[in-house]
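Sequence order for the protein chains is A and B.
The first sequence begins at 2 in my numbering and counts up by one.
The second sequence begins at 2 in my numbering and counts up by one.
There are 2 protein chains.
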Amino acid sequence: MDAKSYHMTPDEFRRWGYALVDWIAGYQERIESFPVLSQAAPGEMYGALPASPPAQGEPFDAILADVERIILPGITHWQSPNFFAFFPANASGPAILGDLLSSGLGVQGMLWATSPACTELETLMLDWLVEMLDLPGAFHSSSAGGGVIQDSASSAALCALLAARERATNLASNRQGCDGKLLAYTSSQAHSSIEKAVKIAGLGSANLRLIEVDETFAMRPDRLAAAIDQDRQAGLTPCFVSATVGTTSSSALDPLSEIGQVCRDRGVWLHVDAAMAGTAALCPEFRYIHHGLGFANSYCFNPHKWMFTNFDCDAFYVADRTALVNALSILPEYLRNQATQSGQVIDYRDWQISLGRRFRALKLWFVIRHYGVEGLRYHIRRHVELAQQFASWVEADGRFELVAPAPLNLVCFRHRGGDEINQRLLDVLNRSGALYLTHTRLADQFTLRMSIAQTHTELRHIEAAWAQIRTAAATLEH
Amino acid sequence: MDAKSYHMTPDEFRRWGYALVDWIAGYQERIESFPVLSQAAPGEMYGALPASPPAQGEPFDAILADVERIILPGITHWQSPNFFAFFPANASGPAILGDLLSSGLGVQGMLWATSPACTELETLMLDWLVEMLDLPGAFHSSSAGGGVIQDSASSAALCALLAARERATNLASNRQGCDGKLLAYTSSQAHSSIEKAVKIAGLGSANLRLIEVDETFAMRPDRLAAAIDQDRQAGLTPCFVSATVGTTSSSALDPLSEIGQVCRDRGVWLHVDAAMAGTAALCPEFRYIHHGLGFANSYCFNPHKWMFTNFDCDAFYVADRTALVNALSILPEYLRNQATQSGQVIDYRDWQISLGRRFRALKLWFVIRHYGVEGLRYHIRRHVELAQQFASWVEADGRFELVAPAPLNLVCFRHRGGDEINQRLLDVLNRSGALYLTHTRLADQFTLRMSIAQTHTELRHIEAAWAQIRTAAATLEH
C-alpha cells in the first residue's frame, strides 16, 4: 500500500492481480471437490465477518484468506460441471478476462461520446450475433433496427413491453400514464419476468392473459387469437405478446410463425424470449427453433446463459429502434453533446432502463474470438448430445419417465412413484453435494429438471449424475 | 488453447490473466498520455474490425493487440486524473480485483440458496455503509428495513417509485394497472432518471410535478406542500417525492428535514437520491447533507461514483422492506426452495427489477478493507479541498464567476462573457485532450462543471486545468 495515498500502486496491482488470477485458475482446477450446493446455514457468513468496517486498511492477503475461509463455503458452484440446476450461467476464461478489461478501463458507455469504442464494439458484436444465429436482417444495425446488451432477459422484456405500450398509445402512456386498458399476453408457461414487467410498467397483472398451452407446453396460437379478439371487442387495448423459445420450466418452443401471424394481423407487438435456447441457433441444425422470428418486433437471448459469457450479457434486438428510443429517450442539458446532436451515433442510454452502463461487449468479443464460431458450435452440440443421452437413459428405465419433450439441453423427468418421492429424491441428491438439480411443476406434477450446459460438463459427469439418481431412488423406494 | 475442447485451460488462464493484469497496470501508468476525450470519429472502431465473426478461434495475443490498436483510441478515459466531466466513476485496484473474483466465481445471487455468501456479504456491506455514513438505523438489516445493491440510481429510483405506488394503492396498481391519477414530485433540478422512472412505471410524465427551486437550486418545501395539497384536493393521489442530495447539475442540497415533514404529514413516500454526494457522509464534517434523512422511506448513493468502486454499485436502502418486496415479489415454482420457505433468508431477486444478479458485494468489501474508513475519508476530504481551492481561483479571477454554491466537489462556473464564449471554451478545452469538462444550464446560463473526484487527481492536475482554462479564455477573448 502506498502509505501516503492509500491507493494500490500499479506494482501492487500486478502482484495481487497475479495472486487472484492464480486463485481463480486454482478454483477451476479443484471445483469438483466442493459440494455443488452450498451447505452453509442462514447467517453463517454474515456472522463470521466483523459487524463493523475496519478503521484502517488491511493487507490484501488477509482479504484473500477470508475469501478462502468464509466466502468459499457459502458459494453454490454455478461453474461446477455437476451443476444441473435452474439454467446454465456458463462462464469461460476469455469471458472473465474480457470483464476484467472492462473493469480496468472503467468507462461509462451511456453516450457514444463517453467512450465511442464501448458503443461501437457493442453494435458490432450484436451484428456478429445476427450473422452467427442467422437472425432476421431487421435486427442488424444497418437496418431500421438493431441490438443492445441488457443485463438480463427480464430487463429486455420490460424494455420491449414499454416500446409496445408507447407504440400502442402513440406515446400517451409516457405522458398521461396507463389507463388500465392495456393488455399483454404470454403463455401459462412463460417466465415470471413477464408478469413482473407487466406490473412494473403499470399495466397490472390482471391485464396479463396467460394463454393455454398444448401437450408440449407450447402456446396455442388459436387461443391467443381468440383472447386478443375478445379483448379488443370489449374495448380494451391489446399491445404486447411475449412468446418463448425454450421455456424455463421445460424448454417448450412456442410456434413463432403462427403466433407471429396472429400478432401481425392484429397489429400487436411480438416479443420473443429465447433467453437460454437462443444460443442453439449457432448450429444450423437447431435454427428451426427460430422459424417465424421474422414476425418479431423484438427478441432476446442470453449469451450469459449458454454461450460461455459471464453474467450480465443479454442480447436484445428490435426491428424498429425508433419505437424503443421513443419510449425510453431522455436528454437533459448535462448530457447534450455534438456527437448526439449530429444524429450519426447511437446513444445506448436510450435503449435501456438505467443511464449508466459498463463495457460489456468486451467479454463477448473475447469469447467469440477465442472460440470462433466453430468452437462455440462444438460445445452446443456436445451439450445437446449429452442431454439426449440422459433422456434415453431415463426412457430406458421403467422407474422413471420423461415429462416433456427434450428438444435441446434440458431434460424434464420424474420417478413414477409420485410427487413425494421426487421431492425427497431432489433433497437427498442436493444434500449429497455431488450434484445440484432443481424442479418445476408440469401438468401439475413435481418434475425434476436436468439442465446440461456447464462449460466443463462431460459425459462422465452425466453418467455419475444418473448413477447417483438411480442409487438414491433405489434407497427411497424401500 | 486446448485443441480438443477449445476451452482456455487453467494454465492458459494464468498466462493471459497475468498479461491482462500487466496491461491494466501499464494503462494506469500511462493514462495521462492519452487525450481524455476520445478523438475518434463516428464509425471508426466499427469499421476497423471485421464485419463478420471469425470461423476459427484466434490466439489471445491477437485480441490484446487489437485492444491496444483499435479499442484504446476509442476510449474516453474516465479514470484519467484529468477527467472532470459529468460525475466521477472512480475505480481502484481493489475494486477491479473484487470484480475479477466475482467473474471468476461466476455465481448467480438471485436467491439466498443460489450462493448464500453472495446475499450475506451484500447485506453485511450495506450494513457497514449504514455505520460508515451514519445513516438512519431503519436502513440496517437488523431493523424492518435494509439495503441492496442496484446497478444504478436510476434503477433505485424506479424500485422506490414502485414501492411507493403499491403502498399508495394497496397493491391495486400491480393488479389492475395504473389509473392516471398517481402523482410524483421532484425538483426542477432533479436527475432525468426520475422522469424516466415515472414514465416506465406507468404514471406518465404529465403526472410528475417539477417543484420550483430556491436561489441555491434546492427544492422549496413550501411549494412542494402546496402542490401536494392542491393535487389531493383535485382528487388525485400523490404517492412519491424524490429529493436530491447533490443534484447532477450543481450539487444542490434539497432540505430533507422540511421536505420530510411535508411528506410525513401527508403520508407520501420520500425517496432521497444522493447518488454522488452521499459518499461525502463518510466524513463527520459533511454529514449535515443528510440532516433529516430519518424521514426517508428510501435512499440511495453510488459507491461507483465517488467511493473507488467500479460501476455498477448503487447502495439502495428502504426503511420498510415489506413495501419493496410486496411491489416486486414473484415466486414461480422453479424458484421455490427450502431456504426461501423458511423465511430466514433474504432473496434479493425481490428487491430489484431483474431476476439475475452478480456478486457485486465483493468489490465493495475489497475496497472498504483495502482503504479502511480512514483511507476513504482521506480521499473524500482531499477532493473537497481541491474543489474549494479551484472555486477560490474562479472567484479571484474577475473574468469568471461561480454560478452556484460549491458545497462539496463540484464547481459550477462560467466566463462572464456570455453563453457563446463558454460553449467555445468548452469545445476548445475538450478538443485539446488535456482535460475533459462538461456543461449544464443554470438560471438559463450555459455553465461549465468542474467535477473533482477521480482516484488519482492531485493538486497539479487542478492547477494545470485552471491554467488551460485561463489560457484558452484569453485566446477566445480576442
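From the three backbone atoms N, C-alpha and C, an ideal C-beta is built for every residue, glycine too.
The structure presented is a predicted model; accordingly, all values stated were derived computationally and were not measured.
Would you identify the three-state DSSP class for residue 469(B), choosing helix, strand or coil?
Secondary structure of residue 469(B) (DSSP, three-state): helix.
Can you check whether the C-beta of residue 3(A) is within less than 8 Å of a C-beta belonging to chain B?
Model confidence at residue 3(A) stands at a pLDDT of 48, short of 50, so the residue's coordinates are unreliable and nothing is read from them.
Name, please, each residue of chain A whose Cβ falls closer than 8 Å to the Cβ of residue 175(B).
Neighbours of residue 175(B) across chain A, judged by C-beta separation under 8 Å: 200, 205, 206.
Can you look up residue 149(A) in the DSSP assignment and give me helix, strand or coil?
Per DSSP, reduced to three states, the secondary structure at residue 149(A) is strand.
Spatial neighbours of residue 478(A) in its chain, beta-carbon cut-off 8 Å, leaving aside the 5 residues before and after:
Once the five neighbours on either side are set aside, the close Cβ partners of residue 478(A) are 400, 418, 422.
Verify the CB distance criterion: does residue 59(A) have a CB-CB separation below 8 Å to chain B?
At a cut-off of 8 Å between beta-carbon atoms, residue 59(A) makes contact with chain B.
Can you list, in chain order, the residues of its chain whose CB lies under 8 Å from that of residue 138(B), leaving out five sequence neighbours each side?
Closer than 8 Å at the Cβ level, and outside the excluded window around residue 138(B), lie 131, 144.
Taking 8 Å as the CB-CB cut-off, is residue 170(B) touching chain A?
No, residue 170(B) lies away from the interface with chain A (no Cβ there is under 8 Å from its Cβ).
Chain B contact for residue 55(A) (CB, 8 Å cutoff):
Answer yes: the Cβ-Cβ gap between residue 55(A) and chain B drops below 8 Å somewhere.
So, does the CB of residue 11(B) fall closer than 8 Å to a CB anywhere in chain A?
Chain A places a beta carbon closer than 8 Å to that of residue 11(B), counting this residue as a contact.
Would you decide whether residue 322(A) is buried or exposed? Buried here means 16 or more other CB atoms lie within 10 Å of its CB.
With 16 or more Cβ atoms within 10 Å of its Cβ, residue 322(A) is classed as buried.
Please say whether residue 26(B) and residue 15(A) have beta carbons closer to each other than 8 Å?
Contact: yes.
With DSSP collapsed to three states, give me the class of residue 2(A).
Residue confidence for residue 2(A) is low, a pLDDT of 43 falling below 50, so the modelled location carries little weight; the figure read from the coordinates is stated next. Residue state for residue 2(A) is assigned as coil, using DSSP reduced to three classes.
Could you check whether the Cβ of residue 129(A) sits closer than 8 Å to any Cβ belonging to chain B?
Closer than 8 Å to some Cβ of chain B, the Cβ of residue 129(A) qualifies, so yes.
C-alpha gap between residue 252(A) and residue 381(A), whole angstroms
Between residue 252(A) and residue 381(A), the C-alpha separation is close to 15 Å.
For residue 80(B) and chain A, any beta-carbon pair shorter than 8 Å?
Yes, because at least one Cβ of chain A sits closer than 8 Å to the Cβ of residue 80(B).
Going along chain B in order, which residues have a C-beta closer than 7 Å to the C-beta of residue 311(A)?
Those are 104, 107, listed as they occur along chain B.
Classify residue 7(A) as helix, strand or coil using the three-state DSSP reduction.
DSSP places residue 7(A) in the coil class of the three-state scheme, outside both helix and strand.
Distance between residue 342(A) and residue 370(B) (C-alpha atoms, nearest Å):
If you draw a straight line from the Cα of residue 370(B) to the Cα of residue 342(A), it is about 44 Å long.
Taking Cβ positions only, does residue 299(B) come closer than 8 Å to chain A?
Between residue 299(B) and chain A, the shortest Cβ-Cβ separation is not below 8 Å.
Is any beta-carbon of chain A found at less than 8 Å from that of residue 132(B)?
Yes - at least one Cβ of chain A is within 8 Å of the one on residue 132(B).
Would you report the Cα separation of residue 2(B) and residue 147(B), rounded to the nearest angstrom?
Low local confidence applies: a pLDDT of 43 at residue 2(B) is under 50, so the model's placement there is unreliable, with the coordinate-based value given in what follows. Near 46 Å, if we compare the C-alpha coordinates of residue 147(B) and residue 2(B).
At a threshold of 7 Å, does residue 80(B) count as lining the ligand NAD (C-beta to nearest heavy atom)?
The ligand content of the structure shown is nil, which means the ligand NAD is not present either.
Just to make sure I have the definition right: I need the residues of chain B whose C-beta is within less than 8 Å of the C-beta of residue 196(A). Which are they?
Near residue 196(A) (Cβ distances below 8 Å), the residues of chain B are 331.
Compute the Euclidean distance between the alpha carbons of residue 469(B) and residue 430(B), then round it to the nearest angstrom.
Across the structure, residue 469(B) and residue 430(B) are spaced so that their CA atoms are roughly 7 Å apart.
Check this for me: beta carbons of residue 203(B) and residue 178(B), under 8 Å apart or not?
Cβ atoms of residue 203(B) and residue 178(B): closer than 8 Å.
Contact set for residue 215(B): own chain, Cβ-Cβ below 7 Å, skip 5 residues either direction:
So the list reads 221, once near-sequence residues are dropped.
Close beta carbons around residue 457(A), own chain, < 6 Å, minus the five adjacent residues each side
Once the five neighbours on either side are set aside, the close Cβ partners of residue 457(A) are 82.
Beta-carbon within less than 6 Å of residue 362(A)'s beta-carbon, same chain only, minus the 5 sequence neighbours each way: which residues are those?
So the list reads 122, 123, 126, once near-sequence residues are dropped.
Verify whether the separation of the beta carbon atoms of residue 196(B) and residue 201(A) is less than 8 Å.
Not in contact: residue 196(B) and residue 201(A) (Cβ atoms no closer than 8 Å).
What are the start and end residues of the alpha helix (DSSP H) that includes residue 124(A)?
Boundaries of the alpha helix (DSSP H) harbouring residue 124(A): 117-134, taken from the DSSP string.
So for residue 96(B), helix, strand or coil by DSSP?
In this structure, residue 96(B) counts as helix in the three-state DSSP scheme.
Nonlocal neighbours in the same chain, by C-beta distance under 7 Å from residue 249(A), ignoring five residues either side
These residues qualify, in order along the chain: 88, 192.
Give the interface partners of residue 281(B) over in chain A, defined as CB-CB distance under 8 Å, in chain order.
Here the premise fails: no neighbours, minimum Cβ distance about 17 Å.
Flag this pair as yes or no: are the beta carbons of residue 150(A) and residue 186(A) separated by less than 8 Å?
Residue 186(A) sits away from residue 150(A), with the two beta carbons spaced by 8 Å or more.
To the nearest angstrom, how far is the alpha carbon of residue 105(A) from that of residue 52(B)?
When only Cα atoms are considered, residue 105(A) and residue 52(B) end up about 26 Å apart.
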